[in-house]
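Working notes for the structure below.
Numbering (my numbering), first residue to last: 60 to 226.
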């Protein structure tokens, strides 16, 4: 069976031919063209209904996909929250027991020391230590380097922290 585009073109072509074949005085038209137009119209209506069914099926599948995305997004958020809770609990427990390194078959735990730039007062930072984007944000890397180089940066200081690593 021809597709919807072919049927549309055929319908319009036959209709135009039918109109062009009409007698100017009596308005009579070709019976063969009327029969052909009725035949094409029935095929068109059948194809149009079938196409509408396909549309509805795709639309329903799209809605199911959207619902699945929302459900999976919420599920990922819950997993991330639970993952962070477990990591923090493990970190707190290891710190409380003085455990700095554990090695197992399926997981290893270790702490590494790092320095973290803490901004006490963003407004007190010199302009050279502030990255300008859409929002006002301190340049923690430049502040860290300046403080390590012996410079006093008002509004910021360095702290040594332990970060847990789970591999």
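Beta carbons are placed, not taken as given, at the ideal position from N, Cα and C, and that holds for glycine.
Inset, instruction - Reducing DSSP to helix, strand and coil, say where residue 171 ends up. - result: strand
Inset, instruction - Would you mind stating whether residue 214 and residue 178 have Cβ atoms separated by less than 8 Å? - result: Yes, Cβ-Cβ distance for residue 214 and residue 178 is below 8 Å.
Legend entry - Alpha-carbon to alpha-carbon, residue 176 and residue 194: 19 Å
Inset, instruction - Kindly identify the DSSP beta-bridge partner or partners of residue 190. - result: 196
Legend entry - Separation of residue 190 from residue 151, as counted between CA atoms: Within the model, the alpha-carbon separation for residue 151 versus residue 190 is close to 34 Å.
Inset, instruction - Return helix, strand or coil for residue 180, following the three-state DSSP convention. - result: coil
Legend entry - Straight-line gap, residue 141 to residue 133 (C-alpha atoms, nearest Å): 12 Å
Legend entry - Neighbourhood of residue 106 by C-beta, 8 Å cutoff - its chain only, sequence neighbours within 5 removed: Cβ within range, chain order: 60, 61, 62, 63 and 66.
Inset, instruction - State the Cα-Cα distance for the pair residue 80 and residue 73, rounded to the nearest angstrom. - result: 10 Å
Legend entry - 7 Å Cβ shell around residue 109 - same chain, five flanking residues per side excluded: none
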